[in-house]
Structure formats: C-alpha cells, structure tokens
Amino acid sequence: MGLRSIARKEVVRVRPEAPIAEACRLMEENNIGCVVVSDNGKPLGLVTDRDLTLRVLRQGMDPKKTKVEQVMTREVLTLNEDMGLLEALEAVRGKPIRRFLVVNDKGELSGIFTLDDVMYLIGREMADVASIMELEAPPERPASLEGRNQAAARRIIEEGLNKGNLAALDEVIAEQLVDHDLPPGLPQGREGVKQLFTQMRRAFPDLRATIEDAIAAGDRVVLHQTLQGTHKGELFGRPPTGKRIAFREMHVIRFENGKAVEHWGITDLPERLGTAGDPAQAERNQAVVRRYFEEVWNQGRFDGLREIVTADYVNHDPAVPDAGRGPESVRALVEYYQKAFPDTRFTIEEMHAVGDRVVTRWKAQGTHKGELMGIPPTGKKVVVTGLTIDRLEGGRVKEGWTHWDTLGMLQQLGVLSSPEAAGRNKAALRRLYEALDRREFRVMDEILAKNCVAHIPGFPDPMDCATFKQFIRGLYNAFGNYEHVIEDLFAADDRVVARLILRGTHEGEFKGIAPTHKSFAINSTVIARFADGRLVEYWGSPDLLGLMQQLGVIEG
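Under UniProt numbering, the first residue of the sequence shown is numbered 1, with each subsequent residue one higher.
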C-alpha cells in the first residue's frame, strides 16, 4: 500500500503572503485544524489552529495585517508519494509530528496524511481480519495515546462511579494501582477504588459526577469534576445528614498501556477526611497560606517566615528543581523573582482547605525590570496564573506543590516572536536533540559554541563546553534508549524554549546511583540562547524529583 493511494488529495492551501484572516476563514469553512502554505505548487509550511492561538492571539497580532508566512510552522516533513506505508512509518518514527505532506518527484504537493489516518487504516485491517475470524471488530477509528488515556479516565467516572459498573474498572485500572490519596482503611490497588466507589454510592444513592474538564498530557490525565448527591448513608464513620451536597474534585491519573497505574486527588467533600469537618482548623490553615502570599511575596517581609514554613519545608516546583529546603530557600526564591519583578503582586483567586492541605489558585503580575534566567530587563508587564497545594503540619507549611504558566511568562517577555533567526535557532535545537538520540555526538561540535555555558540542576557551578559535552555523553551511558520527546518548541530573538519528555532506562551509574534497570519518563523545560547560529548558553530544568521516584531511589 503506497502513499499515493492513501494520502488525502483534497488539501486546503493558502499562499504565504495571504493574511492570517484568510487562513482562519479556510479552516472554519472546511472544518479543519490546519492549512498548507504553498507557492507554485510546492509546500512551504503549515498553519495550524495551535499557531493561531499561541502566535497570533497570545501576541495580539492583527489577523488582517499579519501574513501567513510570519506565523506558519516551517519544520514540516515531506514524503514521496511512491513510498510504501511501512517505509513511510519508518521515516516518521520518533518524530513529534502528526501531519505529513506527500509530494511527487518534482517536490509538488500531492496530498497529506496523519498518524490518525495510519491508525484508522490499521484498525480497518484489524476489523477485516476480525470479521474473517468471526471476532468482534475493534473500534472504527482508534484515537491517539492521549485520547485513549482521556477516554479511559472518563470511563472510570462514568462507568465505575456514576453507573456502579465495577467490572468495567478491570479494563481501565491496573490491579496494582498506586493511590496517593486513598481514604484511610481502604486497600491499595484496583480493589481500593472499587470499595471507595461502593461506599460513595451507598452514602449518596443519587450520586452524579459531572466531568467539567479532562486534559491529557503525555501519560497523565487531569480531571476536574463536580459531584452532587443526597447524603443518606454512613460515609467513613460520618452518619447520614439527609442533606443534598455538591462538591468538587481534582484528579491526576497516570496511565501505562491504557490502564491507570497511579493516582493523586483532592476533594472539598467535608466527610472525605477526618479533620476536614473542623471549620476552625480549615480557617487557621487558610490564614497561614494567605499570610505566606501577602506577607512574604507581596510585602517582601521575612521576619515571620519561620512561623509560616517549617525548618525542613520542601517546595516542589518543576520551574525551580533545586529550590532547597527551609525558610532560607523560600527567601532566596522570593528575592530572586523580586529582583526581576520589583512590583510583584500575587492575587488569590480561589482557596480551599481540605484536611491538612490548602489549595490556592492565584494570579501574579509584575514588570520585568531585572535579569531573569539570563534574559535582560524588557520593561514588559507580565501576568501569569498558577495552582499551589500546600500541606501543613503543626500550623506551618511543610510541603508545597506548585504548577504555573512558565511558558506563558516567557511568551509575554517576547520569547515567542518569530523572526527568521529564531526559526533557524529552533531548527538547530531540534536537530541537536534528534542527532543525540541517534548517538551522533559529533553534532555537538557543529551546534555548540566553543565558549558555551550550561546551567544544570544539581551542579553548583555553570559547566563549560567540554564539561557539558561530557555530561551529555554520560546521560546516554547511564540511560539506555535515552531520548528527548519534544512536546512544544518556541523561539524568539536569540532564545529557544523547549518543553520535553525525557525517557530512558537506568542501565548505568548516575550521580553515584547503581543501575536500577527501571524505565522513566519525566518532564523538562529548557531555555537555549544562540549567537551567530551557535548555542552559547543552556538552562535545563528536568523533574529530578520525579526521576528519583521513578528509579525507586526515594518514595513517591
């Protein structure tokens, strides 16, 4: 089966000098998510709905005045129409691209196909085989990995909780599920979830969960749901109240091979945790966290910091992997950002206290007047949002987990403008990762400047170029099948920002840790600065805590 016969021939095209408004019109009229940019029949790039969101709306561009060529994605993969399907799949293997352009021998566009098309074809073949063998055919069009995970997460709620179909959970939850927030008294694993759902449905016979949002990213799905029901049965030792209760829950579920293997969750159902029914304690915990935002961040006062956080306080923030411990680490972090944004101001948008935890949704704003991660002051006003979960012990914050819009901040600082040099820099960083993953280490001599400097968490001093190269080789020695999966890649001026998933298997010594032979997949954000086409400075921020947990070095 060749690409000529399977590629979609009806390709919607737009010229590079056309305004973005024209591309939007074509997408809307044809109900599609991208258009091909072409000139004289030859493809130049793609404009996707994502480009419109991240590069046009976020930067306030005028769709009527901005040309398509200013925002199009230029890094597209073209395949010859005479290639066979298996040959094409081998050519695209490992590349983080979903759409592929098909061209003839003259380089002229003849069609387009996607990974979803490939999966559909495979599914159709499986259906034909199944019909011959008198087996039930598979779904008519399998979704992407993230789509399947999202569907599985929804099925847990819809089938297991809403309908009480506990048998369905066997298909979407691993038997050895690790649940970090299971109520006391329930067993770990899939059985614990079944018992939890059974108790919830007995306590609330009319219970109904409504999924407000389901976001899939990599191997994780985030669920935000609201639940309603009448409390008619005992729940975790709490007698029925007869009251109709509405409450909210947030879940993070990690999947492997289509089944949930790990879960974190939080709920504002008062009966869920033994201490959640104490409104006075909830108010005290919220007051401590409010004091942290107002007194420490907004006012820059540190005299009462030891009354707010414990001596061994830990801050889990992917943007600050080496934050340290205790009050002094908090002070150093606050002072760092206050130098970059002297008028920093946090606003608490929403706050909930559950047991020993406080969840805060916040907004922060400030003016960039000091250096930040090597970025000189831009004078630009920045607004970011974030979510923090704090765990309190003895009236003080002992541990905090924060996720905030780091990329949004960099976009607002101008990281996402798109001059031609930025496009070349982005292509260079992509080429560096792809060549390294093929173990072509000589590419470092071509892309890294001789005087390059690297800032790597866990190493107190910046690395010079020779040390950085040695460090990179060491990663591939320590981790078998080590690879960079590019989730997002943004470029502007002299900097490129990459959001990555780092994957591999621990087969060699790493930082003094003997091989565990365990596989891992962690998130990482990278900022690379270029000069004259060479990488001169590199900041890496991998989730080292997640790595240590997945290697079994520390408990998750």
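Ideal Cβ placement from N, Cα and C applies to all residues, glycine included.
As the structure is a prediction and not an experimental result, all values here were calculated from the model.
Using the rule of at least 16 other Cβ atoms within 10 Å of the residue's Cβ for burial, across every protein chain shown, is residue i buried or exposed?
i           : result
residue 125 : Because the pLDDT at residue 125 is just 42, under 50, the model does not fix this residue reliably, and the value given afterwards should be weighed accordingly. It is exposed - the Cβ of residue 125 has fewer than 16 other Cβ atoms within 10 Å.
residue 509 : exposed
residue 554 : exposed
residue 557 : Since the first residue of the chain shown is 1 and the last is 556, residue 557 is not available in this structure.
residue 136 : For residue 136, the pLDDT reaches just 41, beneath the cut-off of 50, and the residue's location in the model is therefore unreliable, although a value from the coordinates is still provided. Result: exposed.
residue 283 : exposed
residue 287 : exposed
residue 349 : exposed
residue 275 : With a pLDDT of only 38 at residue 275, under the threshold of 50, the placement of this residue in the model should not be trusted; the figure read from the coordinates follows. Exposed, because fewer than 16 other Cβ atoms sit within 10 Å of the Cβ of residue 275.
residue 241 : exposed
residue 257 : exposed
residue 9   : exposed
residue 145 : exposed
residue 77  : exposed
residue 301 : exposed
residue 353 : buried
residue 140 : Legend: pLDDT at residue 140 = 37, less than 50; position of this residue unreliable, no value from coordinates given.
residue 540 : buried
residue 152 : buried
residue 23  : buried
residue 102 : buried
residue 14  : buried
residue 129 : The pLDDT assigned to residue 129 is 38, lower than 50, so where the model puts this residue is not dependable, and the model offers no usable value.
residue 251 : buried
residue 606 : Here the chain comprises residues numbered 1 to 556, so residue 606 is not present and cannot be evaluated.
Can you round the beta-carbon distance between residue i and residue j to whole angstroms, since I take them to be within the 8 Å contact cut?
i           : j           : result
residue 478 : residue 501 : In fact, because the Cβ distance is near 17 Å, the residues do not count as touching under 8 Å.
residue 378 : residue 341 : That belief does not hold up - the Cβ atoms of residue 378 and residue 341 are roughly 11 Å apart, past 8 Å.
residue 247 : residue 227 : 6 Å
residue 452 : residue 313 : Going by Cβ atoms, the distance from residue 452 to residue 313 rounds to 35 Å, so no, they are not a contact pair.
residue 190 : residue 174 : 7 Å
residue 220 : residue 253 : 7 Å
residue 7   : residue 147 : Their Cβ separation, rounded to whole angstroms, is 22 Å, which puts residue 7 and residue 147 out of contact at 8 Å.
residue 487 : residue 499 : 5 Å
residue 428 : residue 533 : 7 Å
residue 414 : residue 380 : 7 Å
residue 289 : residue 358 : 5 Å
Using CA atoms only, rank isn't needed, just tell me which of the options is closest to residue i.
i           : options               : result
residue 66  : 340, 16 and 414       : 16
residue 401 : 360, 146 and 465      : 360
residue 295 : 455, 311, 330 and 552 : 330
residue 372 : 390, 338, 404 and 357 : 338
residue 19  : 64, 250 and 9         : 64
residue 382 : 325, 412 and 244      : 412
residue 489 : 408, 384, 82 and 314  : 408
residue 476 : 505, 174 and 105      : 505
residue 80  : 69, 519 and 108       : 108
residue 69  : 82, 61, 76 and 46     : 46
residue 229 : 218, 244 and 219      : 244
residue 336 : 155, 146 and 374      : 374
residue 397 : 513, 23 and 311       : 311
residue 441 : 450, 470, 239 and 309 : 470
residue 317 : 392, 399 and 239      : 399
residue 513 : 498, 485 and 552      : 552
residue 218 : 485, 511 and 199      : 485
residue 333 : 494, 105 and 305      : 305
residue 403 : 21, 99 and 222        : 222
residue 439 : 104, 483 and 205      : 483
Do residue j and residue i come within 7 Å of each other at the CB atom, strictly closer than that value?
i           : j           : result
residue 298 : residue 216 : no
residue 566 : residue 235 : In this structure the chain extends from 1 to 556, so residue 566 is not present and cannot be described.
residue 43  : residue 36  : yes
residue 12  : residue 40  : no
residue 165 : residue 159 : yes
residue 535 : residue 472 : no
residue 480 : residue 507 : yes
residue 74  : residue 326 : no
residue 356 : residue 384 : no
residue 225 : residue 211 : yes
residue 491 : residue 426 : yes
residue 496 : residue 528 : yes
residue 524 : residue 542 : yes
residue 207 : residue 195 : no
For the ligand PLP, is there a heavy atom less than 6 Å away from the beta-carbon of residue i?
i           : result
residue 106 : The ligand PLP is absent from the structure shown, which contains no ligand whatsoever.
Fill in: Segment contact flag, the segment 426 to 445 with the segment 334 to 350, C-beta cutoff 8 Å, min 3 pairs
Below 8 Å, too few C-beta pairs join the segment 426 to 445 and the segment 334 to 350 to call them touching: fewer than three.
Worksheet item: With a cut-off of 8 Å, do at least 3 Cβ pairs link the segment 172 to 185 to the segment 260 to 267?
Response: yes
Worksheet item: On the three-pair Cβ rule with 8 Å, is the segment 443 to 462 touching the segment 378 to 391?
Response: no
Item to complete: Say whether the segment 463 to 473 touches the segment 541 to 549, bearing in mind that this needs 3 or more beta-carbon pairs closer than 8 Å, one atom from each stretch.
Response: no
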